[in-house]
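See structure below.
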Amino acid sequence: MDDPRGRLTRDGIRIHEAADFAGMDAAGRLAAEILDAVADLVEPGVTTEVLDAFIEERVAAAGARSATIGYRGYQHASCISVNHVVCHGIPGPKLLKDGDILNIDVTVIVDGWYGDTSRMYVAGGLSRKAARLIEVTHDALMLGIEAVRPGATFGDIGHAIQAYVEAQRMSVVRDFCGHGLGRVFHAAPNVLHYGRPGTGARLEEGMFFTIEPMVNLGRPETKVLADDWTAVTRDKSLSAQFEHSVGVTADGAQIFTLSPAGRFFPTQ
Ligand code: MF3
Ligand code: CO
Ligand code: CO
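Everything in the sequence shown is counted per the working numbering, starting at 845 for the first residue and increasing by one.
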């Protein structure tokens, strides 16, 4: 899909125009509102396919489209990743049980713009170690966003996330990354959640991308199950993820997917 407006950097990263921020803001807001609304449904005994059906309905009710339905054969309006599932969990008939932690990831298309966000939810009671994992993952995302400004590099973002997570004796998943987005779902660059300061492409005003660190309590290695989507930790340790879509402004970042209800974290 070609996008006629704006320009590309040498690294193939699109620089959007000032007016494009409003498009991303509307798409990001809808995705965040849907994640706010689904929070009330998360409890032991509910299935992840019920949560997904609710999300699909909300996308349609808003007159928007799901970016994931039909994407490379994926058939659902969300990815729902429970416990040791790292990402791309497929909604299904399994019941949530007390103490489960889950990431719900939604991407919507509003007027051609893509809003992509995910956050953590808890069914019932939360163990101390799961609470700590969720907190560290959230804070890692926000530290990554704090590194966003023109002149910084993508390595600065990855380093901020990795240094913090590893100092908490948790690990950053390497096998999946954030991505450019805008009028397309996945574009350059790959936004790594690890790295060295000063490396990688330089950020410029008008770049739009996601930051979506996945953090494991155990080792960072993952494997994809036979369904070709579900990614799990190899060591079966718990995994968490938070995702925002952001735009680079003159002096920092605009977060397009902020929760209007202030429910991004904590999510119960
Ligand atoms: N929303 C995911 C991301 O953060 C992508 C999901 S693609 C799907 O990039 F097909 F699995 F839904
Ligand atoms: Co994403
Ligand atoms: Co996503």
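Each residue gets a CB set at the ideal place from its N, CA and C atoms; glycine is no exception.
Beta-bridge partners of His-1023 (DSSP): Asn-1034. Going by beta carbons, Val-952 and Leu-1025 fall outside the 8 Å limit. Partner residues in the beta bridge of Gln-1085, as assigned by DSSP, are Met-1058. Out of Gly-1062, Lys-1067, Met-1051, the CA that lies nearest to the CA of Ala-863 is found in Met-1051. At a threshold of 7 Å, Tyr-958 does not count as near ligand 1, since its beta carbon sits no closer than that to any of the ligand's heavy atoms.
Counting of Cβ neighbours within 10 angstroms places Arg-1013 among the exposed residues, the total staying below 16.
In the structure shown, the three-state DSSP call for Val-950 is strand.
Taking C-beta atoms under 8 Å as the contact rule, Val-1076 and Val-980 fail to qualify, at a distance of about 20 Å.
CA-CA distance, Val-992 to Asp-1000, rounds to 8 Å. Here the segment 1086-1094 makes no contact with the segment 1060-1077; the two share fewer than three CB pairs at distances below 8 Å. For Ile-859, same chain residues with a beta-carbon under 8 Å away, outside a window of 5 residues either side, are Gly-850, Arg-851, Leu-852, Thr-853, Glu-1048, Glu-1049, Gly-1050, Met-1051 in chain order.
Just so you know, the alpha carbons of Ala-1097 and Trp-1073 end up roughly 31 Å apart. Ranking Arg-902, Leu-985, Asn-927, Lys-938 by CA distance to the CA of Thr-891 puts Lys-938 first.
Taking one beta carbon from each stretch, the segment 1077-1087 and the segment 1034-1043 have fewer than 3 pairs nearer than 8 Å; the two do not touch. Of the candidates Ala-908, Ser-910, Ile-945, Thr-912, Ile-945 places its Cα closest to the Cα of Ser-925. For the 8 Å CB-CB criterion, Thr-961 and Ser-1089 form a contact.
The C-beta distance from Ala-984 to Val-886 rounds to 22 Å, too long to meet the 8 Å contact threshold. Considered as a whole, the segment 846-887 harbours 864-882 as its complete alpha helix (DSSP H) runs of no fewer than 4 residues, in chain order. In terms of side-chain proximity, the C-beta atom of His-1023 is found nearer than 7 Å to a non-hydrogen atom of ligand 2. The C-beta distance from Gly-872 to Thr-1054 rounds to 10 Å, too long to fall under 8 Å, and the pair is not in contact.
Not one heavy atom of ligand 1 sits closer than 7 Å to the Cβ of Glu-900.
Gly-988 places its beta carbon 8 Å or farther from that of Pro-1041. The alpha-carbon separation between Val-954 and Glu-877 amounts to approximately 13 Å.
Secondary-structure assignment with DSSP links Phe-1052 through a beta bridge to Gly-1091. Between Ala-921 and Val-950, the CB-CB gap stays under 8 Å. The Cβ atoms of Ala-881 and Arg-902 lie closer than 8 Å to each other.
The DSSP-derived three-state label of Gly-959 is strand.
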